[in-house]
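Structure first, commentary second.
Protein chains: 2
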Amino acid sequence: MRRDTRLSDLPEGEILRRIFPRLPESDSTLLGPGDDAAVIAAPDGRFVVTTDMMVHGPDFRLEWSTPYELGYKAAASNLADVAAMGAKPSALVVALAVPGDTPMSTLEQLADGLREACQFLAPGCGVVGGDLSASDTFTIAVTAFGDLDGRKPLTRAGARVGDVVALAGEPGWSSLGLALLFAQGTSEVDGERVPNARLMKKIRDELPNLIGRHLAPAPPVSLGVVAAQAGATACMDVSDSLTLDASRMAEASSVAIDFDHLVLDGFAAELSQAYGVELEVSRRAVLHGGEDHCLLACFPPGEVLPAGFTRVGTVIAGRTALDRVLLRGESIEPIGWNPYAQ
Amino acid sequence: MRRDTRLSDLPEGEILRRIFPRLPESDSTLLGPGDDAAVIAAPDGRFVVTTDMMVHGPDFRLEWSTPYELGYKAAASNLADVAAMGAKPSALVVALAVPGDTPMSTLEQLADGLREACQFLAPGCGVVGGDLSASDTFTIAVTAFGDLDGRKPLTRAGARVGDVVALAGEPGWSSLGLALLFAQGTSEVDGERVPNARLMKKIRDELPNLIGRHLAPAPPVSLGVVAAQAGATACMDVSDSLTLDASRMAEASSVAIDFDHLVLDGFAAELSQAYGVELEVSRRAVLHGGEDHCLLACFPPGEVLPAGFTRVGTVIAGRTALDRVLLRGESIEPIGWNPYAQ
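In order, the protein sequence lines correspond to chains A and B.
What the first sequence shows, in this note's numbering, is residues 93 to 434, in sequence order.
What the second sequence shows, in this note's numbering, is residues 93 to 434, in sequence order.
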């Protein structure tokens with residue numbers, strides 16, 4: 093069998109020449125990759141910027157994710173943050189640090205994932221620059237930019253008492269997908285459960301839909317601008333969990349968010365059926381699971397919600413700092429992703 | 093002795109609350125850290141962007157660099173890229189991935205280094221957002237932004253035959269500083285030379301000036317705008333080596349760059365004296381050493397060079413693709429930093 097070309101076999105310039113044609117182009121590029129820096133259009137005199145790093149181990153496993161999925165997810169999670177500001181994603185820069193024995197094809201497939209995420213989730217957005225480093229730990233840092241087209245940014249601080257709380261996206265799927273990977277995609281080595289590529293193949297063949305949203309999420313990126321145009325008062329990306337992120341919105345807005353039990357139970361029932369788990373398990377996934385990249389937005393009462401958003405609760409007056417998130421009037425503890433605790 | 097507080101002891105929100113007050117503020121912030129994304133002013137309807145990742149192992153060693161120096165260097169190397177476009181740095185975003193047992197004080201000192209680099213090298217530039225992740229490998233990714241104030245960006249493609257080639261900064265110091273660290277700051281463990289913190293303390297006490305430019309470089313950031321205003325035709329950051337980066341400028345401009353032997357020997361002589369090394373060693377450092385973050389710029393013939401720039405050569409007609417860099421008419425091989433080969 094012919095050995096794959098490794099990065100350490102190639103000069104840096106050759107690696108870049110093989111990746112560049114696969115990357116998505118940005119409509120906003122004034123000067124693209126290849127110089128010390130890129131120049132990007134910011135037509136209204138401002139730009140939105142967010143950055144996010146994905147690290148092998150805590151954030152993904154190469155035994156589970158394909159390089160294509162990694163590229164897709166790295167783009168998607170950043171595009172969701174831009175969307176959450178009510179902005180249209182315009183460009184990405186990507187810094188990558190990988191071991192020298194990484195096959196060249198891994199980077200090519202990663203570029204394919206970046207490209208298709210941009211094409212599918214945010215047409216016109218593309219990669220305008222990047223950096224390539226060596227590391228023992230496979231690491232991807234994406235910085236994403238967006239354009240507000242003259243609008244005010246949608247922050248998490250604008251929710252007002254009486255607003256309707258609405259959600260776009262599918263809460264709970266990503267964390268149940270991850271739980272499935274831990275349960276069926278690991279084997280025991282020296283008393284520890286470690287990701288297993290062979291078992292993963294079986295899961296991919298048999299249960300692709302149940303892991304797809306975890307491995308390559310497709311957040312409702314275009315609905316960020318839609319929410320802003322529809323008069324949303326606040327908006328945020330739900331990446332750590334519905335309750336934890338809602339508590340942040342409630343705190344920033346000095347209000348509380350009261351979720352509707354029945355609506356959330358509807359999400360949970362769908363999850364229970366799909367994954368064959370108890371309702372209690374899927375309820376926890378809806379409330380406390382991370383990485384779904386739903387958009388949580390508030391709209392003035394009486395406003396017709398834009399297509400794609402579901403009413404999930406109401407903004408009420410905040411009582412105490414510990415009482416920011418409620419489930420039909422009962423306060424619940426916001427729990428979600430914490431990078432150093434998990 | 094009281095144990096340092098570790099990151100894993102603190103919730104993410106508390107970590108951020110301790111870091112934020114230490115970070116430099118940006119004059120361009122319209123919406124700062126704390127939301128899904130920041131909003132930055134881009135007054136002329138464009139912005140310059142560059143990204144760079146520093147990884148423990150290939151790019152720095154915690155036994156050698158203090159967290160303050162890491163923060164300083166991460167900012168400085170990105171500010172230099174913005175400057176090389178002829179732009180004024182406006183803002184940074186910083187993504188950090190570190191082990192959970194990292195002391196909280198490490199992040200605080202790193203923030204101090206970021207702040208002082210901005211204050212010293214690019215007043216008005218500040219950190220507008222970031223991300224904090226867990227990783228076994230200490231990794232810092234900085235993305236930097238700049239403002240062109242209506243000017244055309246200075247690319248590496250604008251050099252013209254007859255132009256004067258000029259350099260701002262101190263070539264060779266960083267690589268000789270690194271060589272000193274390898275020679276005197278390592279001890280043998282299992283047959284390999286590994287960085288040694290105790291030996292490092294001795295070097296810091298006795299030879300601070302010889303390692304300072306490697307550990308916390310202070311590139312001539314303000315001279316990027318100065319070069320643009322003085323009519324520079326091309327400009328770039330010298331990060332991989334003078335010959336390798338000059339070959340990239342020459343290739344992009346379809347010309348060749350002929351360096352002046354005597355001027356480069358002047359740099360080398362100064363280095364030889366400072367480090368007590370043979371002239372041949374310091375000549376190699378000037379030509380092939382990386383990480384100095386000098387600015388290499390071309391100016392029309394007859395133009396008075398701005399203060400801070402030294403004439404180092406002339407742009408001549410390119411002959412063949414392999415003949416891009418010459419030393420007084422003799423072609424030399426461009427050699428420098430390659431991330432996966434070293």
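Glycine included, C-beta positions come from ideal geometry on N, C-alpha and C.
From residue i to residue j, what distance separates their C-alpha atoms?
{"i": "B/A175", "j": "B/F274", "result": "30 Å"}
{"i": "A/G44", "j": "B/L414", "result": "In the structure as shown, chain A starts at 93 and stops at 434, and residue 44 of chain A therefore has no counterpart that could be examined."}
{"i": "B/W156", "j": "B/L291", "result": "9 Å"}
{"i": "A/A399", "j": "B/P103", "result": "36 Å"}
{"i": "A/A183", "j": "A/D119", "result": "8 Å"}
{"i": "B/N301", "j": "B/A377", "result": "17 Å"}
{"i": "B/L199", "j": "B/C217", "result": "20 Å"}
{"i": "A/M93", "j": "A/F212", "result": "Since pLDDT at A/M93 reaches only 47, below the 50 mark, its modelled position is unreliable, and the value read off the structure follows with that caveat. Approximately 35 Å, taken between the alpha carbons."}
{"i": "B/A251", "j": "B/S345", "result": "5 Å"}
{"i": "B/G264", "j": "B/G368", "result": "13 Å"}
{"i": "A/V373", "j": "B/A179", "result": "53 Å"}
{"i": "A/G149", "j": "A/V286", "result": "11 Å"}
{"i": "A/T194", "j": "B/V190", "result": "22 Å"}
{"i": "A/T247", "j": "B/K294", "result": "51 Å"}
{"i": "B/S279", "j": "A/A187", "result": "32 Å"}
{"i": "A/A209", "j": "A/I232", "result": "15 Å"}
{"i": "A/H380", "j": "A/A322", "result": "28 Å"}
{"i": "B/V317", "j": "A/G124", "result": "20 Å"}
{"i": "B/E422", "j": "A/I107", "result": "29 Å"}
{"i": "A/L154", "j": "A/L307", "result": "11 Å"}
{"i": "A/A366", "j": "A/S197", "result": "34 Å"}
{"i": "A/E284", "j": "A/I303", "result": "22 Å"}
Beta-carbon within less than 8 Å of residue i's beta-carbon, same chain only, minus the 5 sequence neighbours each way: which residues are those?
{"i": "A/E262", "result": "R305, F359, D384 and C386"}
{"i": "B/Q201", "result": "T158, P159, Y160 and G163"}
{"i": "B/W429", "result": "S331, D332, S333, L336, G382 and E383"}
{"i": "A/V355", "result": "T402, R403, V404 and G405"}
{"i": "A/I132", "result": "S118, S120, T121, L122, F139, S182, A183, V220 and F237"}
{"i": "A/G192", "result": "R98, L99, S100 and A226"}
{"i": "A/I424", "result": "T335, L379, V417 and L418"}
Tell me which residues share the same chain as residue i and place their Cβ nearer than 7 Å to its Cβ, disregarding the 5 neighbours each side in the sequence.
{"i": "A/L419", "result": "F351 and H353"}
Does residue i pass the burial test, meaning 16 or more other C-beta atoms within 10 Å, or should it be called exposed?
{"i": "A/P311", "result": "buried"}
{"i": "A/V396", "result": "exposed"}
{"i": "A/D136", "result": "exposed"}
{"i": "B/D127", "result": "buried"}
{"i": "A/R403", "result": "exposed"}
{"i": "A/R138", "result": "buried"}
{"i": "B/V281", "result": "exposed"}
{"i": "A/K244", "result": "exposed"}
{"i": "A/D297", "result": "exposed"}
{"i": "B/S394", "result": "In the sequence under discussion, the amino acid at residue 394 of chain B is Gly, which differs from the Ser named in the question. Result: exposed."}
{"i": "B/V109", "result": "Here residue 109 of chain B turns out to be Arg, not Val, going by the sequence shown. Its Cβ having fewer than 16 others within 10 Å, B/R109 is exposed."}
{"i": "B/D151", "result": "buried"}
{"i": "A/A289", "result": "exposed"}
Measure the beta-carbon distance from residue i to residue j and round it to whole angstroms, keeping in mind my assumption that it falls under 8 Å.
{"i": "B/G221", "j": "B/A129", "result": "7 Å"}
{"i": "B/G277", "j": "B/V407", "result": "B/G277 to B/V407, Cβ: 40 Å. No contact."}
{"i": "A/S227", "j": "B/T97", "result": "Wrong, their Cβ atoms sit about 27 Å apart, outside the cutoff."}
{"i": "A/A326", "j": "A/A389", "result": "7 Å"}
{"i": "B/D223", "j": "A/M145", "result": "5 Å"}
{"i": "A/R114", "j": "A/A203", "result": "4 Å"}
{"i": "A/P437", "j": "A/R207", "result": "Lying before the first or after the last residue shown, residue 437 of chain A is absent from chain A, which here runs from 93 to 434."}
{"i": "A/R88", "j": "A/I349", "result": "The structure shown has nothing for residue 88 of chain A, since chain A only spans 93 to 434."}
{"i": "B/A166", "j": "B/V313", "result": "With 8 Å as the limit, B/A166 and B/V313 do not qualify as a contact, their Cβ atoms being about 14 Å apart."}
Note down, in chain order, each residue of its chain lying with its Cβ closer than 6 Å to the Cβ of residue i, except the 5 sequence neighbours on either side.
{"i": "B/T235", "result": "T143 and V185"}
{"i": "B/S364", "result": "L371 and S374"}
{"i": "A/V140", "result": "V174, M177, A179 and G238"}
{"i": "B/A409", "result": "V253"}
{"i": "B/A324", "result": "L246, A389 and F391"}
{"i": "B/A342", "result": "A348, I349 and R416"}
Problem - Where the stretch 398-425 of chain A meets chain B: residues whose CB sits under 8 Å from a CB there - result: none
Handout entry: Positions along the stretch 298-319 of chain B whose CB lies within less than 9 Å of some CB in chain A
Key = none
Handout entry: Interface residues of the stretch 103-118 of chain A facing chain B [CB-CB below 7 Å]
Key = P103 and E104
Practice task
Using a Cβ-Cβ cut-off of less than 7 Å, list which residues of the stretch 122-138 of chain B approach chain A; keep chain order.
Solution key: L122, L123, D127, D128, A129, A130, V131, I132, A133, A134, P135, G137 and R138
Practice task
Can you give me, in chain order, the residues of the stretch 187-200 of chain A that have a beta carbon less than 7 Å from any beta carbon in chain B?
Solution key: A187, A189 and G192
Handout entry: Residues from the stretch 142-154 of chain A in contact with chain B, defined by Cβ distance under 9 Å
Key = T142, T143, D144, M145, M146, V147, H148, G149, P150 and D151
Exercise for the section: Check distances from the C-beta atoms of the stretch 201-235 of chain B to those of chain A and list, in chain order, the residues that come in under 8 Å. Expected result: V220, G221, G222, D223, L224, S225, A226, S227, D228, T229, T231, A233 and T235
Practice task
Please name the residues in the stretch 272-298 of chain A whose beta-carbon is closer than 8 Å to at least one beta-carbon of chain B, in chain order.
Solution key: none
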